[in-house]
Amino acid sequence: MKIAIVGAGIIGVTTAWELAADGHEVSVFERRGAAAEESSFANAGVVAPGYVTPWAAPGMRGKVLRSLLSKHGAIKVRWPLAARDIGFMARWQKACKLETYLANRTRMQRLAFYSRQRLHEIVEAREMVYERSDGYLVLLRSKREQKLVQPGLDVLRAAGTVFREINADEARLVEPALSADTSLACAIHLPEDEVGNCRQFALLLKWEAEALGAQFHFNCDLAPLTRAAPTSLQLAGGSDAVRYDAVVMCAGLDSAKLLRPLGLRIPLAPVHGHSVSANIREPLNAPRSAVMDERFKVAITRLGLRVRVAGSAEIGGAPDQLNPAALQTLYKVLHDWFPGAATLQSGVQQWKGARPMLPDGPPVLGASGIPGVWLNLGHGSSGWALSCGSARVLADLIGARDPGVDLEGLGVERLTLGH
Ligand SMILES: Cc1cc2nc3c(=O)[nH]c(=O)nc-3n(C[C@H](O)[C@H](O)[C@H](O)COP(=O)(O)OP(=O)(O)OC[C@H]3O[C@@H](n4cnc5c(N)ncnc54)[C@H](O)[C@@H]3O)c2cc1C
């Protein structure tokens, strides 16, 4: 089949590779000059399937309100708020019901475990080097936090996730550079989880896809799809329409706008986050792999010769304006746990990115309801962890094969049928 993919973020690139590997004639269109320049550019890089959960969770409203009042709060609502953001928050609130949350968490984790397995298959067969390391350590600063995470640990147990609850001394054996000056009640160690450079992986897999015949067209800003010819693509600035047998929408946040003329209303909203990447000054003072500060919801990860600190969740606000308060929190948490690990005087990359978030949590995978138009979008805070599995699922569905994972609740109908 002649298949077009819109968007070359981590979702578009993995989808291109799977479809090219299946023997399709694949063309990818990306408005930027390279792959993974938007949400997939500088994320935390964590692949921890047991921690892939919806942000729409019971008690979330209280958490948001408390966060608004706290200087280093993890979730913020910022001015200006678009109508889209207000609609998103209303639907988000609805999805916070316990029953809905539990069902969505199961769906997301199922896909996340499948995705990690697919990631390993891809990497092992090709020996790709993308600054990866093994292990994820969740740091709990107080006994109160230790108590609060217990229901979450029951879920990990039920899902068969390999983890250990360890004390502060044991945590310092896993991550010897953890500062002794910051109080640590205990930690959760997940040895099978990992961290890797999502952008680097995307660039490597793009080459692999090209080797299989996929063509990438950069600096191509596509116009929204049309009702009259939904599988014909045109540039936003005007060009002849080119028809494909199938189009896969992987345009992250912009997918909603591109699909709207087809009558599909996808309630995607940007939830902005920040990251800081800096060169390691002294490897002995740096993390070996990935840690997550549960109180501040900030991840600190080792990516080759750099350390990356990522966090903050902002609804609303200006997409391209860094928020100094959010960055300050990242520097504070880095200093709390790994003082002296990084050179912060020069060569620091500060980034703001948008998580393409759906209000209930899971992404949308599969047929759109319009013949020839397929969807792989809305991966929110876990797009890297879900990418390889989502791409394989899409390729199986297009090839009319049974996907290797249960897709219940991942289709677009859940958003359009007023659920
Ligand atoms: C601070 C932060 C930390 C994160 N940490 C993690 C983590 O640790 N683990 C994890 O799994 N996930 C994490 N994420 C989430 C993850 O980064 C995203 O879910 C993922 O990058 C989404 O990928 P995507 O391909 O859907 O979107 P993008 O990477 O945004 O790709 C979409 C592409 O479509 C292109 N496009 C849009 N419109 C058009 C058009 N009209 N024509 C042509 N091209 C178009 C865009 O230019 C873009 O390149 C984090 C996100 C943030 C912000």
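Our numbering applies: residue 3 is where the sequence shown begins, and numbers increase by one.
We put the CB at the ideal spot given by N, CA and C, even for glycine.
Item checked: Rounded distance between the beta-carbons of GLY349 and ASN281, thought under 8 Å -> 5 Å
Next item on the list: May I ask which residues mark the beginning and end of the beta strand (DSSP E) holding PHE165?
Entry: Where PHE165 is concerned, there is no enclosing beta strand (DSSP E), given that its DSSP letter is neither H nor E.
Next item on the list: Go through its chain and collect everything with a Cβ distance to PRO193's Cβ below 6 Å, but skip five positions before and after it.
Entry: GLY137
Note to self: Classify ILE5: buried if its beta carbon has 16 or more other beta carbons within 10 angstroms, exposed otherwise.
What the structure shows: buried
Notebook entry, point to check: Going by Cα to Cα distance, which pick from TYR116, THR163, SER181 and GLU296 is closest to ALA76?
Noted result: GLU296
Check: Using a Cβ-Cβ cut-off of 7 Å (strictly less than) and excluding sequence neighbours within five positions of ARG134, which residues of its own chain qualify?
Finding: GLU196, VAL197 and GLY198
Checklist line | Chain-order list of residues whose beta-carbon lies under 7 Å from that of HIS421 (same chain, five-residue window excluded) | finding: In this predicted model, HIS421 has a pLDDT of only 42, less than 50, meaning its place in the structure is not dependable enough to derive any value.
Check: From which residue to which residue does the alpha helix (DSSP H) around LEU379 run?
Finding: No alpha helix (DSSP H) holds LEU379; the beta strand (DSSP E) holding it covers 375 to 379.
Next item on the list: Mind checking who ILE317 pairs with in its DSSP beta bridge?
Entry: VAL79 and VAL273
Next item on the list: Can you have a look at ASP362 and say buried or exposed, based on whether 16 or more other CB atoms are within 10 angstroms of its CB?
Entry: buried
Check: Helix, strand or coil for HIS421 per DSSP?
Finding: Any reading at HIS421 must be qualified, since the residue scores a pLDDT of 42, below 50, and its modelled position is unreliable; no value is offered.
Next item on the list: In angstroms with no decimal places, state the Cα-to-Cα distance between PRO341 and ASN287.
Entry: 7 Å
Next item on the list: Spatial neighbours of LYS299 within its chain, please: CB distance less than 6 Å, with the 5 preceding and 5 following residues excluded, ordered by chain position.
Entry: ALA76 and GLY313
Check: With respect to 7 Å, is the separation between the Cβ of ARG310 and the closest non-hydrogen atom of ligand 1 below this value?
Finding: no
Next item on the list: Would you check if there are 3 or more beta carbon pairs closer than 8 Å linking the segment 393 to 402 to the segment 21 to 30?
Entry: yes
Margin query: Does ILE12 come out as helix, strand or coil in the three-state DSSP assignment?
Written below: helix
Checklist line | Sequence ranges, beta strand (DSSP E) only - wholly within the segment 10 to 44, length at least 3 | finding: 27 to 31
Margin query: Using DSSP's beta-bridge definition, name the partner residues of THR303.
Written below: ALA292 and ARG310
Check: Of the residues GLY52, ARG68 and ARG128, which one's Cα is nearest the Cα of MET110?
Finding: GLY52
Item checked: Proximity test, SER234 beta-carbon vs ligand 1 heavy atom, cut-off 7 Å -> no
Check: Distance, Cα to Cα, GLU172 vs ARG159?
Finding: 20 Å
Checklist line | Residue range of the unbroken beta strand (DSSP E) whose run includes VAL125 | finding: Counting along the chain, VAL125 falls outside any beta strand (DSSP E), though it belongs to the alpha helix (DSSP H) covering 100 to 128.
Checklist line | Span separating the alpha-carbon of LEU261 from that of SER370 | finding: 10 Å
Next item on the list: Would you mind working out which of ARG310, LEU307 and LEU207 sits nearest GLU126, comparing C-alpha positions?
Entry: LEU207
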